[in-house]
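Residues in the sequence shown are numbered consecutively from 561, following my numbering.
Quick reminder that beta carbons are idealized off the backbone N, C-alpha and C, glycines included.
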Amino acid sequence: MSSSSGSSSFLSAPMSRSFVPKGLTLLTSILLLVYISSTSNYFLHLRNNLLLLTSSLGSAPFPPRIHPDPPSLARNASNGGVSDVPRSPGSKKAPPFLWDGSGLEGRIDRSSRSRQQFGSKGKGFNNQVFHDKYIFTEDYKEMNRSFKVFVYPHSKEHPFAHAFLPVDFEPGGNYASESYFKKALIQSHFITKDPLEADLFFLPFSIARLRHDPRVGVGGISEFIRNYITDIRQNYPYWNQSGGANHFYVACHSIGRSAMARAEEVRLNAIQVVCSSSYFLSGYVAHKDASLPQIWPRHGTPPNVFSSKRARLAFFSGSVNSPVRKRLMEAWGNDSEILVHSGHITTPYEEGLLNSKFCLHVKGFEVNTARIGDAIYFGCVPVIIANHYDLPFADILNWKSFSLVVATLDIPLLKKILHDVRPGQYEMLQKNVLKVRKHFQWHSHLPVDYDAFYMVMYELWLRRSAIKFSVSWTSETCSHNSSTVNCT
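Spelled out as structure tokens, the structure:
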């Protein structure tokens, strides 16, 4: 009996050993599918403003924001807007927000969020431009009233003044957003010369300008930044009080990511406001960092070509410099409805944007290009084909109300996805593009309420520290002049 039992157990062991791994594999696969299905839309929606801040004082979580139900707001019958849209000091007047008649534009019903997705059949379309319009407008007032930024001072005689001070000319080119922001910030009411008033501290170096400086160049930027942070830590008390968590810098060129290779505290602790905002890469931390829109400067009144006059289904023009663009070219390079150009085109680029219903933003070297800004400026509905792209102003704007996000794996299905958008749904998408256009514009002189500058400032305001750091200095221990701050 004993021998028989032992033999039976021994013979069944291989089967058990074979079954267990297969069972675990199946169970793991099922759990992964459940997890993905429940979280796949996470990065396309309003994200909880929960930031774990690590500093010399330890770790403390930011409390999640409570979004109360918006009360009824007074409406302006003449323009359909809100009668008390806030204006900021020192800015030009902007037209009021447009409302859809519900009185609750932008409010998210999180319990039914999954039913609001823009699926392949066009069901459940959500036309709310803002996640929560009431919260945004109330926060915007508070930001303009109280938000203060201290900029580390540098004189015009500094050997790298061109990299630290705002430009004295009209910014241009692909990376103009970086210069526009600094220029607008320095002359804004957000600036304070008293560090005790500051919510955030701005590190004013320009990656784009250092990149072209023969004394630094691409290869020397990381060492330059490391030395700069060392100087800041040694000469000022502000960095050490927070471990850099209440500091930020702005960069639009992708070289900005590698520029922090030797300044790990900046990458891990400081707020990075960058155009190359891919949360797939370790250098960018969603919620802590913020996405800066890459916008090619354009002036004058934007054109309004509505959906009825856009004959072409979709348009893309650009270099084939990534596997994603190569896949797009292979699938649709010879199509009659989706016009895909590689390199330069014979007809004006603007004409392609104006005559197309959808304009494709396709990942190149980085997730970001100026094509989203181009599409929005010319009233074309953006189609974003760039996995892991933390979209600009995603804390504020409901991107699915004015754009489509297509996974790179779905490029072969692109035409079907676009054709499945019904005419009424496309008309709403295109109208919403025109609504959000003001948020993706820079202005040459004074910024305008709700333009790109104020939207970036709002993103920074959301990320200001809820922790009040204890300090061992007072305003009396620091003396100020036009170019330096000396603390004892």
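*Cβ separation of Phe962 and Val996, assumed to be a contact under 8 Å, to the nearest whole Å*: 6 Å
*asked:* According to DSSP, simplified to helix, strand and coil, what is Asp741?
replied: In the sequence under discussion, the amino acid at residue 741 is Phe, which differs from the Asp named in the question. Reduced to three states, the DSSP call for Phe741 is helix.
*Three or more beta-carbon pairs under 8 Å between the region 894-912 and the region 843-857, yes or no?*
no
_Secondary structure, alpha helix (DSSP H): runs of 4+ residues fully inside the region 858-906_ = 883-892
*Who are Tyr1018's beta bridge partners in DSSP?*
Paired residue(s): none; Tyr1018 is not in a bridge.
*Flag this pair as touching only if the region 935-950 and the region 918-926 have three or more C-beta atom pairs under 8 Å; answer yes or no.*
yes
*State the beta-bridge partners of Cys919 as determined by DSSP.*
Phe875, Pro942
*Taking 8 Å as the threshold, find out whether the region 833-843 comes into contact with the region 923-930 through three or more Cβ pairs.*
yes
*Tell me whether the beta-carbon of Ala830 lies closer than 7 Å to the beta-carbon of Ile785.*
no
_Taking its Cβ as the centre, do 16 or more other Cβ atoms sit within 10 Å of Arg982, making it buried, or is it exposed?_
exposed
*State the start and end residues of the unbroken beta strand (DSSP E) segment that holds Tyr809.*
807-811
_Output needed for Arg887: all residues of its chain with C-beta closer than 6 Å, excluding positions within five of it in sequence on either side, in chain order._
Ile971
*Spatially closest choice to His691 from Lys975, Asp1011, Leu957, by CA coordinates*: Leu957
*Per DSSP, what kind of secondary structure is Asp849 in: helix, strand or coil?*
strand
*asked:* Whether or not the region 759-770 and the region 702-721 are in contact is what I'm after, with contact meaning three or more pairs of Cβ atoms, one per stretch, closer than 8 Å; do they touch?
replied: yes
*Of the choices Tyr909, Trp799, Pro764, Ala821, whose alpha-carbon is the least far from that of Lys742?*
Pro764
*Rounded to whole angstroms, what's the CA-CA distance from Thr697 to Tyr1014? Just pull it up for me.*
12 Å
*Consult DSSP for Leu989 and reduce its assignment to one of helix, strand or coil.*
helix
*Ser814 in three-state terms, based on DSSP*: coil
_Reduced DSSP category for Tyr788 - H, G, I as helix; E, B as strand; rest coil_ = helix
_Straight-line gap, Asp728 to Ser715 (C-alpha atoms, nearest Å)_ = 14 Å
*Measure the alpha-carbon distance for His772 versus Gly780 and round it to whole angstroms.*
11 Å
*asked:* For Ser868, which residues in the same chain have their Cβ closer than 8 Å to its Cβ, ignoring the five residues on either side in sequence?
replied: none
*Kindly indicate which three-state DSSP category Val727 falls into: helix, strand or coil?*
coil
*asked:* Can you give me the C-alpha to C-alpha distance between Pro731 and His847, rounded to a whole angstrom?
replied: 28 Å
_Where Lys976 falls, given that 16 or more other Cβ within 10 Å makes a residue buried_ = exposed
*CB of Asn992 within 7 Å of CB of Val689, strictly*: yes
*Using DSSP with H/G/I as helix, E/B as strand and the rest coil, what is Tyr839?*
coil
_For Pro952, which residues in the same chain have their Cβ closer than 6 Å to its Cβ, ignoring the five residues on either side in sequence?_
Ser851, Pro853
*Going by DSSP, which residues form a beta bridge with Val834?*
Ala811, Ser851
_Val1016 versus Asn806 - alpha carbon distance_ = 16 Å
_What does the alpha-carbon distance come out to for the pair Glu1019 and Glu783?_
29 Å
*Between the beta-carbon of Ile945 and the beta-carbon of Thr968, is there less than 7 Å?*
yes
*Tyr909 versus His979, Ser877, Tyr735, residue with shortest Cα-Cα distance*: Ser877
_Three-state secondary structure assigned by DSSP to Val689_ = coil
*CA-CA distance, Cys812 and Trp856?*
12 Å
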